[in-house]
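Throughout, my numbering is defined as the position within the sequence shown, counted from one, plus 21.
Ideal placement from N, C-alpha and C gives every residue a C-beta, glycine not left out.
These numbers were taken from a predicted model, which means no experiment stands behind them.
What follows is a set of notes on a single structure, which appears directly below.
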Amino acid sequence: AKAAWLFNGTDFWTYDDPQTICYKTAYIRHNRLRGVMFWELSGDTADGQLISAIDKGLSHPGKGKANGHCK
């Protein structure tokens, strides 16, 4: 699994960024799943980077292989 995370010696955080969303949407397409779910978008940027990454990832079904187009 690929995930973004931070650890400061005491606290551990996981989160999604456009890169992790790319991998997740590639997995969804590769495994022919029927959609994506997210809990809430209050952590998205003002210009909608996370929702845009979901849209981009699910709108390009021709990319075939999981993770093949993620940086």
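Does DSSP put residue i in a helix, in a strand, or in coil?
i	result
LEU54	coil
THR66	coil
LYS23	coil
THR31	coil
Check whether the Cβ atoms of residue i and residue j lie closer than 8 Å to each other.
i	j	result
LYS23	TYR44	yes
LEU54	LEU62	no
Please report the Cβ distance between residue i and residue j, rounded to the nearest whole angstrom; I am assuming they are in contact, meaning their Cβ atoms lie under 8 Å.
i	j	result
THR46	VAL57	7 Å
Report yes or no: is there a C-beta of chain D within less than 8 Å of the C-beta of residue i?
i	result
GLY64	You won't find chain D in this structure, because it holds only one protein chain.
Spatial neighbours of residue i within its chain, please: CB distance less than 6 Å, with the 5 preceding and 5 following residues excluded, ordered by chain position.
i	result
LEU27	TRP34
HIS81	none
Could you pull out every residue in the same chain whose Cβ sits closer than 8 Å to the Cβ of residue i, ignoring the five residues on either side in sequence?
i	result
ILE42	LEU71, ALA74, ILE75 and GLY78
CYS91	GLN40, CYS43, TYR44 and ALA47
Apart from the five residues just before and just after residue i, which ones in its own chain have a Cβ nearer than 7 Å to its Cβ?
i	result
ASP37	ALA25 and LEU71
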